[in-house]
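Colleague: Dropping a structure here in structure tokens format, bear with me for questions.
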Amino acid sequence: MAGAVSAGAYTAGVIDYLLETLEHWQKAKELNLPGIPQHNVLIEVLSGASAGGMTAAITAASVQNNFPHVNQKNFSEEVSKGNPLYNSWVNLTEEPNQDMMSQMLNNNDILNNPENPEKEVKSIFNSQFIDKIASNTLNNVKKDATCKRSYFASDFELLTTITNLRGYNYQLKFITYLGESSFKMTMHRDLFHFKFSPTGRYNNDGKIPFHFNDEDGLNKELLASAAMATGAFPVGLQPRIIERDPKYINDNFLLREDSHKDPIVNPLANYKSVNVDGGVINNEPFELTERILENRRREEIKNTEGEEAAKKYVFEKTAEKFDTTLLMIDPFPNEDDKSESNYFPLSAIKYAAMHLLGAMRQQLMVKTSELKEAFNEKNYTRFMIAPHRSSGGKKEQYSIACGSLGGFGGFFNKNFRVHDYMLGRRNCQRFLQKYFSVPVDAKNPIIEYGYKNIENNFEITSEEGKTFFPIIPDIRINEDNLGFSKPEKEAEFPYPKIKLSYLLNLEKLFIKRFDIVLDHIVNGKNPLSEQKATSAVVARIRKKSWLSKNISGFVSKGAMNIYLGIGKYFGKDQAAQIFVDTIISEMEKRELLEEDC
């Protein structure tokens with residue numbers, strides 16, 4: 057599940073529909089209804105970055121209990137609060153008298169906060185709502201023993217990427233004429249790798265065991281922290297400080313390269329780091345997910361056929377032989393596309409500096425080892441659900457309502473999030489019914505077994521006349537539990553609008569927030585800055601008389617306060633106006649604006 061900020065609502069809608077379909081199919085097999093495909097689909101890994109990583113964690117908690125699915129008929133009813141996916145991504149912490157922007161522009165994260173006595177500014181927006189969601193959705197979950205989901209592996213794994221600002225130090229060995237030498241580098245690409253374990257057993261593999269057996273659970277707080285860290289959008293949302301047992305780092309094969317024999321971090325002390333959005337470095341961790349899937353398959357073969365057979369195992373990718381596949385949900389797969397014809401070589405520093413930041417981030421996310429697979433049309437181990445919005449049967453330019461302002465747009469209006477959730481359900485339905493399939497003539501043994509002697513017409517026919525069987529049959533059991541039918545079509549959902557007057561009224565809240573942020577932007581203790589310089593040369597050349605030092609210090613400090621005061625007085629108003637103007641322009645461009653004034 058790729059990063060998306062507030063457009064995580066789309067991913068949540070996709071997951072909701074997918075789970076609903078799997079539940080009906082599984083129940084139909086348990087009821088021995090005639091005409092039901094008999095093969096099995098098993099979810100072994102949930103992974104993601106940023107909003108996708110948060111949704112992965114929410115999904116892991118959600119499937120511990122039965123919950124109602126939210127659709128276009130019941131989304132405005134009280135029942136929607138019982139769906140963790142919808143409640144976490146659409147309702148958020150919104151109340152009738154307190155919408156999301158009033159919470160995110162509130163200053164109680166800086167002022168009168170017992171947990172922040174230094175009045176430090178942690179982020180542009182107040183991020184306390186994320187803590188509330190994590191607590192409600194993850195920390196309070198308890199497993200319902202009567203809830204059986206056989207389409208989930210009993211030891212499923214959960215992966216979230218993070219950007220570790222402390223980083224890990226690695227050494228590369230080189231041979232020189234003076235002997236062996238080391239080249240040191242620091243890796244900031246990091247992850248949390250969990251494994252569902254009802255017994256709580258740790259297998260010395262770096263996979264953090266977790267469960268929801270009771271109210272305390274196992275490593276639930278660490279899971280919640282990992283979810284909040286992967287979604288900590290840099291500067292915009294609060295970074296997260298997390299402390300880990302070093303074995304979860306040193307033992308993990310995704311962090312420890314085979315040739316790296318020494319511990320990555322000190323094995324005798326817990327490792328603490330400041331972490332931000334996993335999407336900064338790896339926004340679509342599909343290659344990590346594939347490695348986990350491949351390792352799991354190899355381990356199965358080792359346990360049943362022996363180590364030699366496991367070594368010979370090849371990750372099958374053709375339609376004829378594949379038995380494992382990856383499904384990526386990406387709300388913004390093409391948002392950063394740039395037309396070559398619109399490129400202008402701007403070299404002034406004000407342009408080049410900004411382009412440099414973009415180039416650095418894009419290069420960090422390039423997976424060079426995966427490029428060769430990009431043009432492999434016979435690879436059946438990768439599928440993707442991406443937004444597609446239509447109106448009257450015609451494809452629209454913009455699909456995601458939450459997509460403005462780099463994905464923050466959904467926080468401005470709940471209707472944006474509702475729309476994207478319903479679009480996720482609609483897109484998932486079409487994907488399952490038309491694209492998530494295998495050619496009949498491929499004679500894949502799993503699919504052949506599943507559809508053997510099935511009289512009902514599940515076949516999908518392409519425009520070229522080729523027939524396919526769906527990997528997951530999209531059915532709904534009838535109310536009498538005696539038969540099944542196709543689900544009702546997920547209809548086009550009305551594209552939402554936000555009132556211009558509402559956005560203009562936000563300007564006062566932005567001014568107040570910027571005022572408090574600027575007042576406290578320099579707050580925060582740093583032990584390193586309190587250490588005195590030890591250089592005798594520096595002390596000598598900077599030495600002044602007591603009088604001149606204190607007078608100049610007083611004058612410079614006073615002047616600085618005056619300059620900051622003037623800048624803040626005029627700057628905060630202008631900054632708020634520019635910010636609101638940018639929001640209005642974005643909403644207008646995406647046809648989300650209702651001009652009511």
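The opening residue of the sequence shown carries number 57 in the numbering used here; numbering runs sequentially from there.
We treat Cβ as the ideally placed atom computed from N, Cα and C, and that holds for glycine.
Remember, it's a predicted structure, so these values are computed and weren't measured experimentally.
Cβ of Pro-387 within 8 Å of Cβ of Ile-320?
Modeller: No. Outside cutoff.
Colleague: What are the start and end residues of the beta strand (DSSP E) that includes Ser-557?
Modeller: Element bounds for Ser-557: not the beta strand (DSSP E) but the alpha helix (DSSP H), 556 to 576.
Colleague: Taking all protein chains shown into account, do 16 or more other C-beta atoms lie within 10 angstroms of the C-beta of Gln-120, making it buried, or fewer, making it exposed?
Modeller: The residue is buried, with at least 16 neighbouring Cβ atoms inside 10 Å.
Colleague: Quick check: does the Cβ of Phe-248 come within less than 7 Å of any heavy atom belonging to the ligand MN?
Modeller: No copy of the ligand MN appears in this structure; indeed no ligand is present at all.
Colleague: Quick check on the DSSP output: the alpha helix (DSSP H) that includes Gly-480 runs from which residue to which?
Modeller: Looking at the DSSP string, the run of the alpha helix (DSSP H) that includes Gly-480 is 470 to 486.
Colleague: How should Asp-200 be labelled, buried or exposed, when 16 other C-beta atoms within 10 angstroms of its C-beta is the threshold for buried?
Modeller: Answer is exposed; the Cβ neighbour count stays below 16.
Colleague: Nearest to Phe-439 by alpha carbon, out of Val-636, Glu-343, Phe-566, Phe-492?
Modeller: It is Phe-492.
Colleague: My output table needs one value for Leu-402: the three-state DSSP class, helix, strand or coil.
Modeller: If DSSP states are grouped into helix, strand and coil, Leu-402 belongs with coil.
Colleague: Determine, using beta-carbon pairs with one atom in the segment 181 to 194 and one in the segment 299 to 311, whether at least three such pairs fall under 8 Å.
Modeller: Flag = no, the segment 181 to 194 and the segment 299 to 311 do not touch.
Colleague: So, at 6 Å on beta carbons, what are the nonlocal neighbours of Gln-489 in its own chain, with the 5 sequence-adjacent residues on each side left out?
Modeller: Within the same chain, Gln-489 has close Cβ partners Asp-530.
Colleague: In chain order, what residues of the same chain have a beta carbon less than 8 Å from the beta carbon of Leu-167, not counting five sequence neighbours either side?
Modeller: Taken in chain order, the residues that qualify are Lys-175, Ile-572.
Colleague: How many angstroms separate the CA atom of Lys-428 from the CA atom of Lys-581?
Modeller: Residue confidence for Lys-428 is low, a pLDDT of 49 falling below 50, so the modelled location carries little weight; the figure read from the coordinates is stated next. C-alpha separation (whole angstroms): 48 Å.
Colleague: So, with DSSP's three-state summary, where would you put Arg-296?
Modeller: Strand, per DSSP.
Colleague: Is the CB of Met-384 under 8 Å away from at least one CB in chain D?
Modeller: No chain D appears in this structure, which consists of one protein chain only.
Colleague: Is DSSP giving Gln-82 helix, strand or coil here?
Modeller: Of the three classes helix, strand and coil, the one that applies to Gln-82 here is helix, per DSSP.
Colleague: Distance check for Asp-72 and Val-35, CA to CA, integer angstroms please.
Modeller: With the chain covering only 57 through 653, there is no way to say anything about residue 35.
Colleague: Distance, Cα to Cα, Asn-500 vs Ile-528?
Modeller: Their Cα atoms are separated by approximately 14 Å.
Colleague: Could you give the distance in angstroms between the alpha-carbon of Glu-593 and the alpha-carbon of Phe-230?
Modeller: Checking the displayed sequence, the identity of residue 593 turns out to be Val instead of Glu. Their Cα atoms are separated by approximately 37 Å.
Colleague: Note down, in chain order, each residue of its chain lying with its Cβ closer than 7 Å to the Cβ of Arg-473, except the 5 sequence neighbours on either side.
Modeller: Ser-62, Ala-65, Trp-145, Val-146, Cys-458, Gly-466, listed in sequence order.
Colleague: To the nearest angstrom, how far is the alpha carbon of Phe-266 from that of Pro-254?
Modeller: Approximately 7 Å, taken between the alpha carbons.
Colleague: Tell me whether Met-156 sits in a helix, a strand or coil according to DSSP, three-state version.
Modeller: It is helical.
Colleague: Taking only the alpha-carbon atoms, compute the straight-line gap between Asn-163 and Ala-325 and give it to the nearest angstrom.
Modeller: Rounded to whole angstroms, Asn-163 to Ala-325 spans 36 Å at the Cα level.
Colleague: Is the number of C-beta pairs between the segment 339 to 354 and the segment 290 to 299 that are closer than 8 Å three or more?
Modeller: No, the segment 339 to 354 does not touch the segment 290 to 299.
Colleague: Which first and last residues belong to the beta strand (DSSP E) in which Gly-235 is found?
Modeller: Note, Gly-235: beta strand (DSSP E), 235 to 252.
Colleague: For Val-119, which of helix, strand or coil comes out of DSSP?
Modeller: Correct three-state label for Val-119: coil.
Colleague: On the criterion of 16 or more Cβ atoms from any shown chain inside 10 Å, does Arg-646 qualify as buried, or is it exposed?
Modeller: Buried.
Colleague: Suppose contacts are defined by Cβ-Cβ distances below 8 Å. Is Ala-288 in contact with Asp-333 by that definition?
Modeller: Taking 8 Å as the Cβ cut-off, Ala-288 and Asp-333 qualify as a contacting pair.
Colleague: Looking only at its chain, what residues have a beta carbon closer than 6 Å to the beta carbon of Ile-640, apart from the 5 residues adjacent to it on each side?
Modeller: Answer for Ile-640: Leu-559, listed in chain order.
Colleague: If we ignore side chains and look at the alpha-carbon of each, how far apart do Leu-538 and Leu-479 end up?
Modeller: Rounded to the nearest angstrom, the two C-alpha atoms are 31 Å apart.
Colleague: Taking DSSP as the reference, what is the three-state secondary structure of His-267?
Modeller: Three-state DSSP puts His-267 in a strand.
Colleague: Report buried or exposed for Leu-412, applying the criterion of at least 16 other Cβ atoms within 10 angstroms of its Cβ.
Modeller: Exposed, by the Cβ-count rule.
Colleague: Let me know the secondary structure DSSP gives Gln-128 once reduced to three states.
Modeller: Here Gln-128 sits in coil by DSSP.
Colleague: Which whole-angstrom value describes the C-beta separation of Phe-525 and Ile-554, a residue pair presumed to lie in contact below a C-beta threshold of 8 Å?
Modeller: With a Cβ gap of about 43 Å, Phe-525 and Ile-554 do not count as contacting.
Colleague: State the DSSP-derived secondary structure class of Glu-340, mapped to helix, strand or coil.
Modeller: Residue state, collapsed to three classes: coil.
Colleague: Once you ignore the five residues that flank Pro-495 on each side, which residues in its own chain have a CB closer than 7 Å to its CB?
Modeller: Within the same chain, Pro-495 has close Cβ partners Ala-375, Lys-522, Phe-524.
Colleague: State the start and end residues of the unbroken beta strand (DSSP E) segment that holds Tyr-436.
Modeller: Run containing Tyr-436: none; DSSP gives neither H nor E here.
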